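S.K.:
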Amino acid sequence: PMLLSISLGGLSFAGADVGGFFGNPDAELLERWYQAGAYQPFFRAHAHIETKRREPWLFGDETLKRLRDTVRARYALLPFWYTQYFLAATQGSPVMRPMWVEYPADEAAITMDDQWLIGSDLL
1 PMLLSISLGG LSFAGADVGG FFGNPDAELL ERWYQAGAYQ PFFRAHAHIE
51 TKRREPWLFG DETLKRLRDT VRARYALLPF WYTQYFLAAT QGSPVMRPMW
101 VEYPADEAAI TMDDQWLIGS DLL
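Letter by letter, the sequence shown follows residues 1 to 123 in the working numbering.
1) Do you know whose CA, among I118, A45, L117, L78, lies nearest A16's CA?
2) List the DSSP bridge partners of L78.
3) Would you mind sorting S120 into buried or exposed? The rule is 16 or more other CB atoms within 10 Å of its CB.
4) Using DSSP with H/G/I as helix, E/B as strand and the rest coil, what is L123?
5) Please state whether DSSP places A47 in a helix, a strand or coil.
6) Pick helix, strand or coil for S26, following the three-state DSSP scheme.
7) If you draw a straight line from the C-alpha of I48 to the C-alpha of D26, how long is it?
8) Evaluate the contact criterion for the segment 23–37 versus the segment 47–64: three or more CB pairs, one atom per stretch, below 8 Å.
This is the structure:
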């Protein structure tokens, strides 16, 4: 919910600390962090200095492959991301937006905070 609120407030370049700032995620949780973070405007792996190292290659070849695929999927969308930032800068459209922004008549969309759109097209 925080990122959606920040985005609606006009700060388009925001994202979570992929992997979580504190704690030590296992391979599966780290993969889920990457998958969610890849579809947030600001995407970076970042953690507190006292956490265990979490470079992708430290989690084994299978996890490395899946994380690499996730990062590649994000980079394949760079033209789309740049277009969304252009629209944010010129029209004030939030890059990351709650479902109700595009579907205001859908009552269920009002309370959805566990899914979002990038622009008006990417869920």
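All C-beta atoms in this analysis are idealised placements derived from N, C-alpha and C, irrespective of residue type, glycine included. Here the structure is a predicted model, which means the values were calculated and not measured.
M.R.: Short version:
1) Ranking I118, A45, L117, L78 by CA distance to the CA of A16 puts A45 first.
2) Answer is none; L78 lacks a bridge partner.
3) exposed
4) coil
5) Coil.
6) As written in the sequence, residue 26 is Asp, which differs from the Ser given in the question. In the displayed model, D26 falls within coil according to three-state DSSP, outside both helix and strand.
7) Note that residue 48 corresponds to His in the displayed sequence, not to Ile. Distance between the alpha carbons of H48 and D26: 16 Å.
8) Result yes; three or more Cβ-Cβ pairs closer than 8 Å.
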